[in-house]
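Peer 1:
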Amino acid sequence: MASISVRDVEKRFGNGPAVLRECNLDIADHEFLVLVGPSGSGKTTLLRIIAGLEAATSGEIYFGDRLVNDVDVGDRDIAMVFQNYGLYPHMTVRNNMAFGLRRRKLPKDAIDQKVREAATMLGIENLLDRRPRQLSGGQRQRVALGRAIVRDPAVFLLDEPLSNLDAHLRLQMRTEILRVHRAVTATTVYVTHDQVEAMTMGDRIAVMNNGLIQQVGTPEELYDRPVNRFVAGFIGTPAMGFLTCSVNRNGDRAELVRDGVCLRLTEEQSRKLTLPHGAAVVAGVRPENLRPVSADGADPELSVVKGAIEVVEPLGPEQHLVVDVGGEMVTARVDRDVAARRGEKVSLAVGAGRAHVFSIDSGEALL
Amino acid sequence: MTAVAAPVRLAGPGRLRRWRPGRAAVVALILVGIAVALAPVYWMLATSLKTPFAATSLTPSYFPHHLSMSNYNELLVKGVVPFKTYLANSVLTSVIASVVAVVISALAGYSFSRSRWRLRGPTSVAVLATQMLPLVVFVGPLYLLLLDAHLLNTYTGLVIGYTSFAIPFGSWLMKGFFDSVPVELEEAARVDGYGRLSILFRVVIPTVIPGLLTTGVFVFINSWNNLLYPLTLITNNSHQTLPPGLLDSFVGEFNTDWGGMMAAAVLTTIPLAVAFFAVQRYMVRGMTAGALAGT
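Chains as they are written, first to last, in this note's numbering: chain L, 23 to 389; chain X, 2 to 296.
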């Protein structure tokens, strides 16, 4: 097993712009780390550099204490699951899984046993003599996983392995992958653009954008303490709502105000926010921290956001209200019993200390 | 309780298509096209079964009134012309040319598809450009080269001629097949610990077998039908192939043995037809490989 260290990695293709910049990442032994970000953020490139399928323009990759920059991909003791599975179409499932083991010149009996064990773990024993084209998407995904785990690698790399599956199967395979990870305990790096996948699977998550690692942390850290507006908006469904406000200082307390909005900061938050009275900031509010209140009887001490309902999305146990607050949209996650109609005025209370504050220029978190 | 299946009526596209005048015209046009294409084949077959008198009659009949196997008998049993020698020479040179061309085209096609070397684009276009010139242009230089190498009147010389003309198109054909193989397959094999050559022969080549068959049959058909090269490069009758051999045997100064020639043509066509029908499914795919995303 191995820890992975990514040190100052940069990547350019030809003379083009850098697609990865100053990437630094430490992945502990046995950890399940998820690289998440939008398309083109550089997450797959970083994974391929860790795998050895791509060379870094500069920087270093360590597996444990071993510098692996010049180590061939076949000698890195890794296994990889590709986005479109990468199964050998002319081989049976059994041969697909055994192919890597044959290269290691393992005895035939040992290969058979390993293949059988992996197939049993994934419930594909009855598919061993089929070819990939005779399998469904979910079955192919299982075979791809089987081919990876059968080799008992030190590092397990998965490149958007669930992106070709339907929503139901994706959910099922998420559990399956976690079960496999617990069983094989290899250090795992998992690439996805789906933040729900990232939140539900990763011990830690590295959020990437424009070739930069924006933040690395546990799902809770990323959700509760995003370091910038990008991470705040990317993590969480529905996304955090953003409102441009100005700082209003009143003694020791500060509030963020604009037409129809008054977000009171706690004493601690007010102390941390060093901007002067009148400075412009971006306030961020998570959908679950907004709850409808009566416009008349609202507590004057309460933080309130007022606007008009633009969209009502009923989801069964709850509903999402997309509210237009002076041209900027925020989403509130409310109980299904709340009567809400499009065009209706609504007042939404924000829990104390629940507002996030970001710099209007850099997008960095200010609290 | 017994469930009774209600009668199902097919609706929309599942229903029988109605005959429309436009559709009938298209079918008629296709039938005419097929008739035009098959007419020479029929004429070849019919003439080969006619008696020598009927085959050269000034008022030819569309059907052989008396089926005669005499033309086949003279070719295969009596051995009036060295048909079997020509046939053996054609099989030998065409098969060897196909194998050699497939191996070279596969390696070149793989390089054009996967390698990233500087002059790859211009080189691949230059290779294809040779196909824009007619076969006859190459005969002179090829003759001189083989003369210098003492390879005139040899099977080797003929195979070189066939192969040299087949490789450019074969390389492009194979490039199309290699392009349709996902790079992830090779990357998966790299992760599994295999080297470049192992990956080529264990992973990539087995997935492009239809391409190899297509290229092989393409080269075989072209070599088999080639009249110009053996006519120019081979003067020894014992090394001669079918096309010039038949021309020489049946066309005289004052007389042409149409019946014998057509019987020989039928026998010559059979290996081609077998080869083509065996791989026609792959050939169509080969010609369109890479035309669609995901193919």
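Built from N, CA and C at the ideal position, the CB exists for glycine as well.
In this text the structure is predicted, and so the values were computed from the model without any measurement.
Determine, using beta-carbon pairs with one atom in the segment 135-147 of chain X and one in the segment 176-184 of chain X, whether at least three such pairs fall under 8 Å.
Peer 2: Segments in contact, no.
Peer 1: Name, in chain order, the residues that DSSP records as bridge partners for K33/L.
Peer 2: Looking up residue 33/L in the first sequence gives position 11. K33/L pairs with L42/L.
Peer 1: Flag this pair as yes or no: are the beta carbons of V283/L and V327/L separated by less than 9 Å?
Peer 2: Translated into positions along the first sequence, residue 283/L becomes position 261. Translated into positions along the first sequence, residue 327/L becomes position 305. Closer than 9 Å, so yes.
Peer 1: Would you say Q194/L reaches chain X, if we count a Cβ-Cβ gap shorter than 9 Å as a contact?
Peer 2: Here residue 194/L refers to the residue found at position 172 when the first sequence is read from its first residue. It does not: the Cβ of Q194/L has no partner Cβ on chain X nearer than 9 Å.
Peer 1: For the segment 121-138 of chain L against the segment 87-95 of chain L, are there 3 or more C-beta pairs whose distance is under 8 Å?
Peer 2: Taking 8 Å as the limit for Cβ pairs, the verdict is that the segment 87-95 of chain L does not touch the segment 121-138 of chain L.
Peer 1: Mark N67/L as exposed unless 16 or more other C-beta atoms lie within 10 angstroms of its C-beta, in which case mark it buried.
Peer 2: Within the first sequence, residue 67/L is the residue found at index 45, counting from 1. The question names Asn, yet the displayed sequence has Thr at residue 67/L. Burial call: buried.
Peer 1: How many angstroms separate the CA atom of T269/X from the CA atom of F221/X?
Peer 2: Here residue 269/X is taken as the residue at index 268 of the second sequence, counted from 1. Here residue 221/X is taken as the residue at index 220 of the second sequence, counted from 1. Whole-angstrom Cα-Cα distance: 13 Å.
Peer 1: So, are the CB atoms of A371/L and P309/L less than 9 Å apart?
Peer 2: The residue you call residue 371/L lines up with position 349 of the first sequence. The residue you call residue 309/L lines up with position 287 of the first sequence. Against a cut-off of 9 Å, the Cβ pair of P309/L and A371/L comes out as no contact.
Peer 1: Could you have a look at P314/L and say whether DSSP puts it in helix, strand or coil?
Peer 2: Within the first sequence, the letter at position 292 stands for residue 314/L. Looking at P314/L - three-state DSSP - the assignment turns out to be strand.
Peer 1: Do V238/L and R251/L have their C-beta atoms closer together than 9 Å?
Peer 2: Your numbering for residue 238/L matches position 216 in the first sequence. Your numbering for residue 251/L matches position 229 in the first sequence. No, they are not a contact pair.
Peer 1: With the cut-off set at 9 Å, would you say A220/L and V269/L are in Cβ contact?
Peer 2: Residue 220/L sits at position 198 when you count from the first residue of the first sequence. Residue 269/L sits at position 247 when you count from the first residue of the first sequence. For A220/L and V269/L, no; Cβs fall outside 9 Å.
Peer 1: Is A107/X close to chain L? Criterion is C-beta to C-beta, closer than 9 Å.
Peer 2: Here residue 107/X is taken as the residue at index 106 of the second sequence, counted from 1. No, because no Cβ of chain L sits closer than 9 Å to the Cβ of A107/X.
Peer 1: Between which two residues does the beta strand (DSSP E) containing S165/X stretch?
Peer 2: Taking the second sequence and counting its residues from 1, the one referred to as residue 165/X is at position 164. No beta strand (DSSP E) holds S165/X; the alpha helix (DSSP H) holding it covers Y156 to D180.
Peer 1: Is it the case that the Cβ atoms of L244/L and E44/L are separated by a distance below 9 Å?
Peer 2: On the first sequence, residue 244/L is found 222 positions in, with the first residue counted as 1. On the first sequence, residue 44/L is found 22 positions in, with the first residue counted as 1. No, they are not a contact pair.
Peer 1: At a CB-CB cut-off below 7 Å, which residues of chain L make contact with V204/X?
Peer 2: Mapped onto the second sequence, residue 204/X falls at position 203. Under the 7 Å cutoff, chain L gives Y110.
Peer 1: What residues in the segment 78-99 of chain L have a beta carbon less than 9 Å from any beta carbon of chain X?
Peer 2: Within the segment 78-99 of chain L, the residues whose Cβ lies closer than 9 Å to some Cβ of chain X are D94, V95, G96, D97 and R98, listed in chain order.
Peer 1: By the three-class DSSP mapping on this structure, what secondary structure does L237/L have?
Peer 2: What you label residue 237/L is simply residue 215 of the first sequence in a count that begins at 1. According to the sequence as given, residue 237/L is Gln; it is not Leu. The answer is strand: DSSP assigns Q237/L an E or B state.
Peer 1: So, is the C-beta of A101/L closer than 9 Å to a C-beta in chain X?
Peer 2: As a first step, residue 101/L must be located in the first sequence, where it is residue number 79. Taking Cβ atoms only, chain X reaches closer than 9 Å to A101/L, which makes this a yes.
Peer 1: Let me know the secondary structure DSSP gives M262/L once reduced to three states.
Peer 2: Residue mapping note: residue 262/L aligns to position 240 of the first sequence, counting from 1. In the structure shown, M262/L sits in coil (DSSP, three-state: anything other than H, G, I, E or B).
Peer 1: So N226/X packs on P211/X, CB below 8 Å; how close in whole Å?
Peer 2: Locating residue 226/X in the second sequence gives position 225, where the first residue counts as 1. Locating residue 211/X in the second sequence gives position 210, where the first residue counts as 1. The pair is not a contact, with the Cβ atoms about 22 Å apart (cut-off 8 Å).
Peer 1: Please report the straight-line C-alpha distance between S62/X and L68/X, rounded to a whole angstrom.
Peer 2: If you number the second sequence from 1, residue 62/X lands on position 61. If you number the second sequence from 1, residue 68/X lands on position 67. Each residue's alpha carbon lies about 13 Å from the other.
Peer 1: Near N72/X, which residues of its chain fall below 6 Å by C-beta distance, leaving aside the five closest residues on each side in sequence?
Peer 2: Residue numbering aside, residue 72/X sits at position 71 when the second sequence is read from its first letter. Excluding residues within five positions, the ones whose Cβ falls inside 6 Å are S49, G260, G261 and A264.
Peer 1: Can you tell me whether I382/L is helix, strand or coil according to DSSP?
Peer 2: Stepping through the first sequence from its first residue, residue 382/L is reached at position 360. Three-state result, I382/L: coil.
Peer 1: Is the CB of D249/X under 9 Å away from at least one CB in chain L?
Peer 2: By one-based count along the second sequence, residue 249/X stands at place 248. D249/X does not count as touching chain L.
Peer 1: Could you compute how far the alpha carbon of L186/X sits from the alpha carbon of K127/L?
Peer 2: Residue numbering aside, residue 186/X sits at position 185 when the second sequence is read from its first letter. Residue numbering aside, residue 127/L sits at position 105 when the first sequence is read from its first letter. Looking at the two C-alpha atoms, the distance is approximately 21 Å.
Peer 1: Rounded to whole angstroms, what is the Cα-Cα separation between A279/X and V27/X?
Peer 2: For the purposes of this step, residue 279/X is taken as the residue at position 278 of the second sequence. For the purposes of this step, residue 27/X is taken as the residue at position 26 of the second sequence. If I take the Cα positions, the gap works out to 29 Å.
Peer 1: Report the start-end ranges of each alpha helix (DSSP H) in the segment 164-212 of chain L that is 4 residues or longer and not cut off at the edges.
Peer 2: Runs found: 189-206.
Peer 1: My output table needs one value for T242/X: the three-state DSSP class, helix, strand or coil.
Peer 2: Position 241 of the second sequence, counting from 1, holds the residue named residue 242/X. Coil.
Peer 1: With DSSP collapsed to three states, give me the class of Y107/L.
Peer 2: Within the first sequence, the letter at position 85 stands for residue 107/L. Strand, per DSSP.
Peer 1: Ignoring anything shorter than 4 residues, give me the alpha helix (DSSP H) runs that lie fully in the segment 49-96 of chain X, in order along the chain.
Peer 2: Segments of the alpha helix (DSSP H) lying fully in the segment 49-96 of chain X: 53-56 and 71-74.
Peer 1: Less than 8 Å between the CB atoms is what I'm expecting for V41/L and I72/L, so what's the real figure, rounded?
Peer 2: Walking along the first sequence from the start, residue 41/L turns up at place 19. Walking along the first sequence from the start, residue 72/L turns up at place 50. That pair is no contact at about 15 Å.
Peer 1: Assign F256/L to buried or exposed, taking buried as 16 or more other Cβ atoms, counted over all protein chains shown, within 10 Å of its Cβ.
Peer 2: Counting from 1 along the first sequence, the entry for residue 256/L is found at position 234. By the neighbour-count rule (16 or more Cβ atoms within 10 Å), F256/L is buried.
Peer 1: Hey, out of N37/L, R70/L and L193/L, whose CA is closest to Q105/L's CA?
Peer 2: Mapped onto the first sequence, residue 105/L falls at position 83. Looking at the Cα atoms, R70/L is the closest of the given residues.
Peer 1: Does the Cβ of Y43/X have 16 or more other Cβ atoms within 10 Å, making it buried, or fewer, making it exposed?
Peer 2: Locating residue 43/X in the second sequence gives position 42, counting from the first residue. It counts as exposed.
Peer 1: What is the DSSP secondary structure of V333/L, reduced to helix, strand or coil?
Peer 2: Here residue 333/L refers to the residue found at position 311 of the first sequence. If DSSP states are grouped into helix, strand and coil, V333/L belongs with the strands.
Peer 1: Of all the options L388/L, D274/L, V211/L and D357/L, which has the alpha carbon lying nearest to the alpha carbon of V58/L?
Peer 2: On the first sequence, position 36 is the one that residue 58/L refers to. The candidate whose alpha carbon is nearest that of V58/L is V211/L.
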